[in-house]
Amino acid sequence: MSYPFQIKTKEQYDRAYKKSVEDPEGFWGEVAGSFYWRKRWDKVLDWNFKDPDIKWFRGGKMNITENCLDRHLGTMGNKPAIIWESNDPEEHHRILTYRDLHHKVVQFANVLKNNGVKKGDRVCIYMGMVPELAVSVLACARIGAVHSVIFGGFSAQSIADRLQDAQAEFIITCDGAYRGNKEIPLKSVIDDALVQCRFVKKVIVVTLTRMPVSMIKGRDVWWEDEIKKVETMGNPDCPAEEMDAEDPLFILYTSGSTGKPKGVVHTCAGYMVYTTYSFVNVFQYTPGDIHFCTADIGWITGHSYIAYGPLCAGATTVLFEGVPTWPDAGRFWDIVDKYKVNVLYTAPTAIRSLMSYGLGPVQSHDLSSLKVLGSVGEPINEEAWHWLNENIGKGNCPVVDTWWQTETGGIMISNLAGVTPSKPSFATLPLPGIQPILVDETGKEIEGNNVSGNLCIKFPWPSIIRTTYGDHERCRTNYFAAYPNLYFTGDGCMRDENGFYRITGRVDDVLNVSGHRIGTAEVENAINMHAGVIESAVVGYPHDIKGQGIYAYVIYGSTHGDENLTRQDIAQTVARIIGAIAKPDKIQFVTGLPKTRSGKIMRRILRKIAEGETENLGDTSTLLDPGVVEEIKNGKI
Ligand code: PRX
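Counting in UniProt numbering, the sequence shown runs from 1 upward without gaps.
So this is what it looks like as structure tokens:
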């Protein structure tokens, strides 16, 4: 397979970028021309950021799975599409060729239909990283059902909230999942969620760990039994549903600065075009390369760069069920060695964690197959960047620092491996089609170089968020209202003397813990649900491995015995309400919180104290009770 839109030199990048700005419709029309369409679009782009209303490839008809699967069958049906590495390295791995994957997707698409799933229905997927997860996602896309994958670490309550918001009547799950030395009871978590969600009609359960699970008559069915049924039905085909370019493809929930997570909606054609375009260009994918993205499909990185982007490009993508540190800290390097991985795409938090084990686990493996290393999810500190470059890439592999978001669908700012220059801890330059702009608090553009500001994007790209499910106004106020006619990212950013961008972190109340986005308000709501808690305030603080840790200040009614036990109880409550990823790292009991006279918590002060910067707290004169600050400072843990 060749990629007519692949950029190979810096000059080509400059030309592509210029064209993408001067003639965006011409530019993206050309890129989109190399995909398979049932019917070509009438117009490349219609948009305004006011409502917002953004339509790419209007009138085009297609199905993303015909691009991921069917169109590859003729020329590379026997090529591995997915290499699955199980949690247990001793267990046999599985290789699915494009033909195998097509067969399984078509088969399971028929299972979905048999179980009453129709175009437009929302299907929630809550599974471990097994091939059936990729099959489920693609089978939904095949029949035009809207998938909503929920990361396996979220709690029953989080699942119930998402099911209700998406009004999802169908669920695909596993009995359990393996992660390191743990077995996670996925079906049982789903059962707990369903106590609140009587509208769910069907739960399809994959047999994996074969841990005991309850199976409710009429509602719960086994994946394997359903497959047998379609096998005996005769016609094994399932023609892809013809989708409009702007039909929704999936919903993915992500945290914002306020309230409950929002369902980011991506649509079929633009998402397909942009994830494939960015995949091929950022990683400089060459046919035959083995691509290993270590994310979970439960996050956007897994959607775009394990599943859709690589498969549309006809790549071989590695799906890893386990964790980087089990059975030992050499697991990633073992996988690289075993499958001769060429592109490794991972997160700074994983790198920092592996750095702490020293070079022993690295040295015992042959990493010479590696060509490109990638980082995503949070700012990468220079130490981690150099460690990756020197010890994993041996100075021969370009490191791409890719900045993007759930809402952007694909990589927005990044060097292109070996094509455009890199700079440690800088995402560097925007991809063609991406027009970043820095603004000050009032929305005024900050021009020139060597400047910092809030990062916005001034022109749409094909995989931009279209809406937040069921609440378009929320999409408008969250992303398009802060600054007129701009998409606001929520990130702070600096532009250096060469025009390279460095993302400095969120400027809103969103934390980034081990690369996972968590809203402070969400954690506070969960803490406040704990009996005895009167009020709480949550901030982030620098954490050596996680990037950011969660620091909670809690006003507690009556200390019920041991303070440490109470801390654990509160953490457990958060795990129940959100999931273990949101457990506070530190909990400090306080008698009051620093509030302004209008009752607003001054987080700036709490953040500084959590960061250990107790000397220079700035102006505290507007506080209702400045005395409370002294108490909090003295009680810092
Ligand atoms: O703050 C930025 C940070 O992660 C946020 C997006 O999180 P999420 O939607 O979960 O998507 C993560 C994977 C795409 C951003 O607003 N972020 C992501 N990549 C980088 C980053 N910060 C700095 N450098 C990056 N490369």
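Cβ atoms here follow ideal geometry from the backbone N, Cα and C, with glycine treated the same way.
It should be emphasised that the depicted structure is a prediction, and the values quoted were computed from it without experimental measurement.
Please report the straight-line C-alpha distance between residue i and residue j, rounded to a whole angstrom.
| i | j | result |
| --- | --- | --- |
| Gly218 | Lys202 | 8 Å |
| Glu497 | Gly410 | 26 Å |
| Pro287 | Leu431 | 21 Å |
| Glu378 | Glu231 | 45 Å |
| Thr301 | Thr406 | 8 Å |
| Val106 | Pro239 | 8 Å |
| Ser278 | Ser375 | 14 Å |
| Leu96 | Ala81 | 6 Å |
| His600 | Cys197 | For clarity, residue 600 is Lys in the given sequence; the question names His instead. In a straight line, the C-alpha of Lys600 is about 35 Å away from that of Cys197. |
| Asp220 | Val111 | 13 Å |
| Thr520 | Asn450 | 31 Å |
| Ala571 | Gly579 | 10 Å |
| Gln6 | Asp100 | 28 Å |
| Asn87 | Gly448 | 49 Å |
| Asp70 | Gly77 | 9 Å |
| Ile446 | Pro584 | 36 Å |
| Ile190 | Ser214 | 11 Å |
| Lys546 | Ala347 | 10 Å |
| Asn281 | Tyr305 | 12 Å |
| Gly176 | Gly322 | 13 Å |
| Leu45 | Arg466 | 13 Å |
| Cys140 | Asp471 | 23 Å |
| Pro594 | Leu624 | 7 Å |
| Cys268 | Glu242 | 11 Å |
| Cys493 | Trp404 | 13 Å |
| Asp51 | Pro89 | 51 Å |
| Leu252 | Ala109 | 20 Å |
| Asp23 | Val31 | 13 Å |
| Ile587 | Glu169 | 38 Å |
Less than 8 Å between C-beta atoms, sequence neighbours within five positions excluded: which residues of the same chain meet that for residue i?
| i | result |
| --- | --- |
| Met355 | Glu383, Ala384 and Trp387 |
| Thr420 | Lys10, Tyr13, Thr428 and Leu429 |
| Thr468 | Lys262, Gly263, Val264, Val265, Arg474, Cys475 and Asn478 |
| Gly418 | Gln284, Val372 and Pro398 |
| Glu563 | Phe589 |
| Val510 | Ser255, Gly256, Ser257, Gly490, Arg517, Ile518, Gly519 and Thr520 |
| Thr209 | Cys174, Asp175, Gly176, Ala177, Tyr178 and Glu183 |
| Lys340 | Ile290 and Ser369 |
Closer than 7 Å by C-beta to residue i: which residues in its own chain qualify, once you throw out the five before and the five after it? Chain order, please.
| i | result |
| --- | --- |
| Phe151 | Asp296, Gly298 and Trp299 |
| Glu611 | Tyr541 and Pro542 |
| Gly389 | Per the sequence shown, the amino acid found at residue 389 is Asn instead of Gly. Closer than 7 Å at Cβ, skipping near neighbours: Gly395 and Val399. |
| Trp461 | Tyr274, Gly433 and Ile434 |
| Gly393 | Leu370, Leu373 and Val399 |
| Leu133 | Ile125, Met127 and Ile297 |
| Pro4 | Ser34 |
| Glu224 | Thr207 |
| Val574 | Val523, Ala526, Ile527, Ala582, Lys583 and Pro584 |
| Asp42 | Arg58 and Gly59 |
| Gly153 | Gly579, Ala580 and Ile581 |
Which same chain residues, not among the five before or five after residue i, have their C-beta less than 6 Å away from its C-beta?
| i | result |
| --- | --- |
| Leu486 | Cys456 and Lys458 |
| Thr276 | Gly309, Cys312 and Ala313 |
| Lys104 | Val135 |
| Trp47 | Ile54 and Pro460 |
| Asp192 | Ala156 |
Would you verify that the beta carbon of residue i is, or is not, closer than 8 Å to some beta carbon of chain C?
| i | result |
| --- | --- |
| Ile150 | The displayed structure is made up of one protein chain only, and chain C is not part of it. |
Give a single yes or no on whether residue i has its beta carbon closer than 7 Å to a heavy atom of the ligand GTP.
| i | result |
| --- | --- |
| Ala156 | Absent from the structure shown: the ligand GTP. Ligands present: the ligand PRX. |
I need the residues with a C-beta less than 7 Å from some heavy atom of the ligand PRX; please give them in chain order. Thr254, Trp299, Ile300, Thr301, Ser375, Val376, Gly377, Glu378, Pro379, Ile380, Asp401, Thr402, Trp403, Trp404, Gln405, Thr406, Glu407, Ala427, Thr489, Gly490, Asp491, Ile503, Gly505, Arg506, Asn512, Gly515, His516 and Arg517
Just checking, does the region 413-425 make contact with the region 395-402 on the three C-beta pairs under 8 Å criterion? yes
Three or more C-beta pairs closer than 8 Å, one from the region 7-19 and one from the region 439-447: is that the case here? no
Three or more C-beta pairs closer than 8 Å, one from the region 27-39 and one from the region 63-71: is that the case here? yes
Give a yes or no on contact between the region 514-533 and the region 551-560, applying the rule of three or more CB pairs nearer than 8 Å. yes
Sufficient close CB pairs (3 or more, under 8 Å) joining the region 326-343 to the region 358-369: yes
Would you check if the region 118-130 and the region 141-148 touch, i.e. whether three or more CB-CB distances between them fall below 8 Å? yes
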